[in-house]
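>
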Amino acid sequence: MSASPALDHIEAGPHGHHYTTTGLDSRKIAIWAFIGSECMLFASLISTYLIYKGRSVTGPFPHETCVPPACATVIKPILDIPVTSASTFVLLMSSLSMVLALAAVENRNLPKYTFGDRVLGSSKLWLWMTCILGATFLGFQSYEFTSFVHEGLTIRTNLFGSSFFTLTGFHGAHVTAGVIWLGTLLAIDYRRGLEPADAINVDIAALYWHFVDVVWIAIFTLVYLIK
Amino acid sequence: MATVAASPTYAGTGTGEHTGLWSWLTTVDHKRIGVLYLYTSLFFFIFGGLEAVVIRAQLARPNGSLVSAEMYNQLMTMHGTTMIFLAIMPLSAAFFNFLIPLQIGARDVAFPRLNAFSYWVYLFGGLFITLPIFFGAAPDGGWFGYAPLTTPQFSQGVNIDFWVLGLQILGISSLAAAFNFITTIINLRAPGMNLMRMPMFTWMSFVVQFLIVLAFPVITIALIFLQFDRFFGTTFYEIGKGGDPLLWQHLFWIFGHPEVYILILPAFGLVSEVLPTNSKKPLFGYPVMVYSGILIGFLGFGVWAHHMFSVGMGPIADTVFGLTTLLIAIPTGVKIFNWIFTMWGGSLRFTTAMKFAIGLVALFTIGGISGVSHASPPADLQQTDTYYIVAHFHYVLFGGSIMGIFAGIYHYFPKMFGRMLNERLGSWHFWLNFIAMNLTFFPMHFSGMLGMPRRIYRYDTGQGWDTFNMISSIGAGLLVIATAIFVWNFFRSRASGPVASDNPWDAPTLEWSIPSPPPEYNFAEIPLVESRYPLWDLTHPDRTADIPHTKEGWSDQQRAAEAKPVHVETERRSARELGISMPLPTIKPLVVAAGIVIMFSGLIFIHLQNKTIAFTLIFGGAAILVGFLYSWLLSPLELEEAH
Numbered sequence: 001m002s003a004s005p006a007l008d009h010i011e012a013g014p015h016g017h018h019y020t021t022t023g024l025d026s027r028k029i030a031i032w033a034f035i036g037s038e039c040m041l042f043a044s045l046i047s048t049y050l051i052y053k054g055r056s057v058t059g060p061f062p063h064e065t066c067v068p069p070a071c072a073t074v075i076k077p078i079l080d081i082p083v084t085s086a087s088t089f090v091l092l093m094s095s096l097s098m099v100l101a102l103a104a105v106e107n108r109n110l111p112k113y114t115f116g117d118r119v120l121g122s123s124k125l126w127l128w129m130t131c132i133l134g135a136t137f138l139g140f141q142s143y144e145f146t147s148f149v150h151e152g153l154t155i156r157t158n159l160f161g162s163s164f165f166t167l168t169g170f171h172g173a174h175v176t177a178g179v180i181w182l183g184t185l186l187a188i189d190y191r192r193g194l195e196p197a198d199a200i201n202v203d204i205a206a207l208y209w210h211f212v213d214v215v216w217i218a219i220f221t222l223v224y225l226i227k
Numbered sequence: 001m002a003t004v005a006a007s008p009t010y011a012g013t014g015t016g017e018h019t020g021l022w023s024w025l026t027t028v029d030h031k032r033i034g035v036l037y038l039y040t041s042l043f044f045f046i047f048g049g050l051e052a053v054v055i056r057a058q059l060a061r062p063n064g065s066l067v068s069a070e071m072y073n074q075l076m077t078m079h080g081t082t083m084i085f086l087a088i089m090p091l092s093a094a095f096f097n098f099l100i101p102l103q104i105g106a107r108d109v110a111f112p113r114l115n116a117f118s119y120w121v122y123l124f125g126g127l128f129i130t131l132p133i134f135f136g137a138a139p140d141g142g143w144f145g146y147a148p149l150t151t152p153q154f155s156q157g158v159n160i161d162f163w164v165l166g167l168q169i170l171g172i173s174s175l176a177a178a179f180n181f182i183t184t185i186i187n188l189r190a191p192g193m194n195l196m197r198m199p200m201f202t203w204m205s206f207v208v209q210f211l212i213v214l215a216f217p218v219i220t221i222a223l224i225f226l227q228f229d230r231f232f233g234t235t236f237y238e239i240g241k242g243g244d245p246l247l248w249q250h251l252f253w254i255f256g257h258p259e260v261y262i263l264i265l266p267a268f269g270l271v272s273e274v275l276p277t278n279s280k281k282p283l284f285g286y287p288v289m290v291y292s293g294i295l296i297g298f299l300g301f302g303v304w305a306h307h308m309f310s311v312g313m314g315p316i317a318d319t320v321f322g323l324t325t326l327l328i329a330i331p332t333g334v335k336i337f338n339w340i341f342t343m344w345g346g347s348l349r350f351t352t353a354m355k356f357a358i359g360l361v362a363l364f365t366i367g368g369i370s371g372v373s374h375a376s377p378p379a380d381l382q383q384t385d386t387y388y389i390v391a392h393f394h395y396v397l398f399g400g401s402i403m404g405i406f407a408g409i410y411h412y413f414p415k416m417f418g419r420m421l422n423e424r425l426g427s428w429h430f431w432l433n434f435i436a437m438n439l440t441f442f443p444m445h446f447s448g449m450l451g452m453p454r455r456i457y458r459y460d461t462g463q464g465w466d467t468f469n470m471i472s473s474i475g476a477g478l479l480v481i482a483t484a485i486f487v488w489n490f491f492r493s494r495a496s497g498p499v500a501s502d503n504p505w506d507a508p509t510l511e512w513s514i515p516s517p518p519p520e521y522n523f524a525e526i527p528l529v530e531s532r533y534p535l536w537d538l539t540h541p542d543r544t545a546d547i548p549h550t551k552e553g554w555s556d557q558q559r560a561a562e563a564k565p566v567h568v569e570t571e572r573r574s575a576r577e578l579g580i581s582m583p584l585p586t587i588k589p590l591v592v593a594a595g596i597v598i599m600f601s602g603l604i605f606i607h608l609q610n611k612t613i614a615f616t617l618i619f620g621g622a623a624i625l626v627g628f629l630y631s632w633l634l635s636p637l638e639l640e641e642a643h
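Protein chains in written order, with my numbering: chain A, 1 to 227; chain B, 1 to 643.
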């Protein structure tokens, strides 16, 4: 049941020694219920995108060239797979750094013998990494959005524009909220340090972060990779 | 009949509990929050009922001229929206809040401040969506808001904006509560309270929370698409740009069908508490009742397109959804039989709660029969969009949900307020209600079959509808009288009804083992549960002899939870005396809720062409929201104890 010995003393419940039926912290159960609702949220957005795939009356289009009369001029397929693959990689790496951040908080009080131990055990380092990688992903998204607008695709242009920007925009908003959440944890780490007793809070932030990452994998596959 | 005695109230226990308006604004106590939900939702029930009375006054005679077509659309929309989102769901929430922790042997819900937040968002959201009717700007696209009718092209003005934003606000309330109750039921059960020992109300509520978690996000997205079409000019429902006219309908009904199970299951749960208690017999077929509830929840996601049989989905879709709709009647019918078998051979006591519970069994069955007739696509082609459908859903919602909720109110009023409701007035309420309800809605089966369409503001004479409409309108008038009797009974009993004991109904479950109303800490000692009917084990062991009980010892769990075997507590102490740490009252959930609603109000002003006010409200609301949210999250729930 316990992910690491450091969690045992708070395993009993949110207020320390209070009894819970499952032995788990209530916040953990709540975040899973929340993630359940988020699954349905993104499922609805993704389903709409898939239903509207190929049904835009005018261009630009994601994977096909747009020729008059669907567009005023010829427009190349607007999605840039190589660049988005890079941003996808960045987001996936942020999940790795999130795992390391959680482990660092849980194992804060274990002895660190080597330089490598100290690097791996620095919660501040890995929280920074996750925030920076998340922000980098958001940077790529802004670049992509602005270049699309420049090329003639806005949220109101056609079904593709509406469904694409709403879907990826909602995802980006979730990443932004995650970065703010992690930034808050980082601030607490600087203020008073994150103790193993705080691991539950880092844990639920991590679950949220991984969820947002998994959603991106689904979006990247269905929107970018599958023609 | 007892004289007026000083009965314990939330204000006057004299044991350190707070009194006054501020104590209600800052409460995080699930019992008080339940009472707040009850009062607010009863108010909205009456408001929605008055909207219906105006509708019935308009339709009493052919070519009525009481209200204009536009006002009728607003009344019709708000009646549905009010009853579903502001009356029935929050009435259920009143019971979720008050009862669930008591029934599972807990001191409060998992997240008390989030619980308060849910209530305040509901109140402010309810006001947000209701006040516009006083300015003639109420939502007017039906409670189901079909696009493209509700898109900017066909609905200029702010009416639909209020509807879209109001529902988003109310969705936040329901979702937050769902996360709270799922966690509470999974994680805060007393030792020995395994899932198959939980009272039926808690079980049905558990299923409902999952329905909320899975269904509400879908309507959130449907509304986001409509919001974006209206505010940002997107193309989701834009036919000219290739938008699918059915997208809204599918998304809405994928939410909308589970929503009706959200509306009925809590009432089913309440009936499953009232019938066994007043039959002096355990519920017949408890495991089957649990499984059928779960099955209804599950199948509820597979029937949505039966609301769309007339749109031309094609024979395969029509057949599949027709079949699934027939299928879902089975677990529902099973419940009806189990309730009947519960009463069969029992020693029946016809309290008002019992009458309402039996009323549900009868009237919901009638609604279910018309419901099953809709399951056939060809039959539904005649029925859809007629008053036959209106008859069906009023039988299941009024004859079902409302009857069940009244059963719950009469049954649990003593526990909530420490006094008994008057049984004679209750009887008048029930019988008038029963007769009036049938008078109002039964004729609609006939006018519907004779082709009277829904949602029309007037009709010509000579179509065979006149008499039926007149009877319905008379019935609606009688419903007003019945409800007035209830309201009178409620407030009079609140003030001076006979003082209630711990367990006036000799009921079997944990909430009846503590004083009425319960002290703030609920249980002085967390109970150790050994069966499904712990109080009957103590007082009527013959009734529960056949039900499995725990045989082995409990010492480890007992120690972990400081639990004692189930016992009746009559003393009223304070939490401090008992060394129980209670959550601190706080105004922050209310302020965060206000911040959210202020932000949404700002959006309305964008369409009112006042960008200054709009952005002030949006950013001001956001600042309040974020500031107080941080403060809430970073402050402790209880005073930290020194270990």
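Think of the CB as a built atom: it goes at the ideal place given N, C-alpha and C, for glycine as much as any other residue.
How many Å lie between Gly13 (chain A) and Tyr286 (chain B) at the Cα?
Confidence at Gly13 (chain A) is low in this model, with a pLDDT of 38, below 50, so the placement of that residue should be treated as unreliable; the coordinate-derived value is given next. Taking the straight line from one Cα to the other gives about 31 Å.
> Assuming Pro443 (chain B) and Gly105 (chain B) make a contact with CB atoms under 8 Å, what is their CB distance in whole Å?
Not confirmed; about 48 Å, so no contact.
> Can you name, in chain order, every residue of its own chain whose Cβ lies under 6 Å from the Cβ of Gly371 (chain B), other than the five neighbours on each side?
His392
> If contact is defined by three or more beta carbon pairs under 8 Å, each pair taking one atom from either stretch, is the segment 166 to 176 of chain B in contact with the segment 147 to 156 of chain B?
no
> Which residues in the same chain have their Cβ closer than 8 Å to the Cβ of Pro5 (chain A), if we skip the five residues on either side of it in sequence?
Model confidence at Pro5 (chain A) stands at a pLDDT of 31, short of 50, so the residue's coordinates are unreliable and nothing is read from them.
> Buried or exposed: Lys281 (chain B), going by 16 or more other Cβ atoms within 10 Å of its Cβ?
buried
> Once the 5 residues before and after Gln141 (chain A) are set aside, which same chain residues still bring their CB inside 6 Å of it?
Gly172.
> What residues are listed by DSSP as bridge partners for Pro453 (chain B)?
Answer by DSSP bridge pairing, in chain order: B:Thr386.
> For Ser26 (chain A), go through chain B and note every residue whose CB falls closer than 9 Å to its CB, in chain order.
Correct list: Ala110, Phe111, Thr183, Thr184, Ile186, Asn187, Leu188.
> Given a cut-off of 8 Å, decide if Leu629 (chain B) and Val592 (chain B) are closer than it, judged by their beta-carbon atoms.
In contact: Val592 (chain B) and Leu629 (chain B) (Cβ atoms closer than 8 Å).
> Does any residue of chain A bring its CB to less than 8 Å from the CB of Leu639 (chain B)?
Not a single CB atom of chain A sits nearer than 8 Å to the CB of Leu639 (chain B).
> Near Phe720 (chain B), which residues of its chain fall below 8 Å by C-beta distance, leaving aside the five closest residues on each side in sequence?
No answer is possible for residue 720 (chain B): it lies beyond the span of chain B, which begins at 1 and ends at 643.
> Cα separation between Ala138 (chain B) and Leu66 (chain B)?
18 Å
> Go ahead and pull the three-state DSSP assignment for Arg424 (chain B).
helix
> Is it a yes or a no for the segment 97 to 111 of chain A touching the segment 197 to 212 of chain A, going by three-plus beta-carbon pairs under 8 Å?
yes
> Which residues share a DSSP beta bridge with Arg419 (chain B)?
B:Val499
> Measure from the C-beta of Ala2 (chain B) to each C-beta in chain A and report whether the shortest distance is under 8 Å.
Because Ala2 (chain B) carries a pLDDT of 38, less than 50, the predicted location of this residue cannot be relied on, and no value is offered for it.
> Give a yes or no on whether the C-beta atoms belonging to His306 (chain B) and His250 (chain B) are separated by under 8 Å.
no
> So, are the CB atoms of Ala563 (chain B) and Pro191 (chain B) less than 8 Å apart?
For Ala563 (chain B) and Pro191 (chain B), yes; Cβs fall inside 8 Å.
> Nearest to Glu577 (chain B) by alpha carbon, out of B:Asp542, B:Glu520, B:Ile254, B:Leu538?
B:Glu520
> Which residue wins for smallest C-alpha separation from Leu486 (chain B), given the options B:Phe301, B:Gly400, B:Leu360, B:Phe356?
Note on identity: in this sequence residue 486 (chain B) is Phe, with Leu being the wrong assignment. Distances from the alpha-carbon of Phe486 (chain B) to those of B:Phe301, B:Gly400, B:Leu360, B:Phe356 put B:Phe356 closest.
> For a test of the three-state rule: what should DSSP assign to Cys270 (chain A), helix, strand or coil?
The question about residue 270 (chain A) has no answer, for chain A in this structure spans 1 to 227.
> Using DSSP with H/G/I as helix, E/B as strand and the rest coil, what is Pro583 (chain B)?
strand
> Where does Glu70 (chain B) land, buried or exposed, given buried means 16+ other C-beta within 10 angstroms?
exposed
> For His429 (chain B), collect the residues of the same chain with a Cβ closer than 6 Å to its Cβ; drop the 5 residues on either side in sequence, then sort them by chain order.
Ala482, Ile485, Phe486
> Could you say which of B:Ile219, B:Phe47, B:Tyr387 lies nearest to Ile88 (chain B) if we only look at CA atoms?
B:Phe47
> Drop a sphere of 10 angstroms on the beta-carbon of Glu195 (chain A), count the other beta-carbons inside from all chains shown, and report buried for 16 or more, exposed for fewer.
exposed
> Which value, in whole angstroms, describes the spacing of the CA atoms of Ser2 (chain A) and Trp126 (chain A)?
Because the pLDDT of Ser2 (chain A) is 33, which lies under 50, any placement of that residue in the model is unreliable, and the number read from its coordinates should be weighed accordingly. Using only the alpha carbons, I get a separation of about 22 Å.
> How would you label Pro518 (chain B), buried or exposed, when you count the other beta carbons within 10 angstroms and need 16 or more for buried?
The residue is buried, with at least 16 neighbouring Cβ atoms inside 10 Å.
> Taking 8 Å as the threshold (beta carbon to beta carbon), is Gly243 (chain B) in contact with chain A?
yes
> Flag Gly233 (chain B) as yes if its beta-carbon sits less than 8 Å from any beta-carbon of chain A, otherwise no.
yes
> Is it buried or exposed for Ile456 (chain B), if we count other Cβ within 10 angstroms and need 16 for buried?
Residue burial is scored here from C-beta neighbours: Ile456 (chain B) has fewer than 16 other C-beta atoms within 10 angstroms and is therefore classed as exposed.
> Expressed to the nearest angstrom, what Euclidean distance is found between the alpha-carbon atoms of Ile328 (chain B) and Leu86 (chain B)?
27 Å
> Measure the CB-CB distance between Pro62 (chain A) and Ile78 (chain A) and report whether it falls below 8 Å.
The Cβ atoms of Pro62 (chain A) and Ile78 (chain A) lie closer than 8 Å to each other.
> Using only the alpha-carbon positions, how far apart do Ile330 (chain B) and Gly367 (chain B) sit?
Spanning the two alpha carbons is a distance of roughly 14 Å.
> In the DSSP assignment, what are the bridge partners of Cys66 (chain A)?
According to DSSP, residue pairing for Cys66 (chain A) in a beta bridge involves A:Ile75.
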